[in-house]
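Going left to right, the sequence shown walks through residues 364 to 451 as the working numbering numbers them.
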Amino acid sequence: MSKSDKYNPYEDDTLHSIQQEDLPESMDERKGFNDVIKHYDAVNGHQSPKRLDHFPKSLRNMIKIIIIIGVASFIGFQIYSLINIAFN
């Protein structure tokens, strides 16, 4: 048997399938079909926005800015705390 006759799973086209990139699921697609399921989903958080794509485009920039300010203030307070501990 030569090298070219050996089975190579990386070259086997039947093993590989192309997976399509999924677009983010719209919040409206997860709505319940009656009031009980809508209430259950709302209580368990299925209908609350999970990613930035689920928010309206007008709010995305404001949410990004709020997140950046929150992270920057946390890092600033950590640095302030380390400086306070080092010099006291």
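Heads up, the beta-carbon is just placed ideally off N, CA and C, and yes, glycines get one too.
Where residue i sits in the DSSP three-state scheme
i: K401; result: helix
i: R423; result: helix
i: D376; result: coil
i: M364; result: Because the pLDDT at M364 is just 48, under 50, the model does not fix this residue reliably, and the point stays unresolved.
i: N447; result: helix
i: F437; result: helix
Distance between residue j and residue i (C-alpha atoms, nearest Å)
i: K369; j: K401; result: 56 Å
i: I429; j: S436; result: 10 Å
i: P372; j: Y403; result: 46 Å
i: M425; j: I448; result: 34 Å
i: L415; j: R423; result: 7 Å
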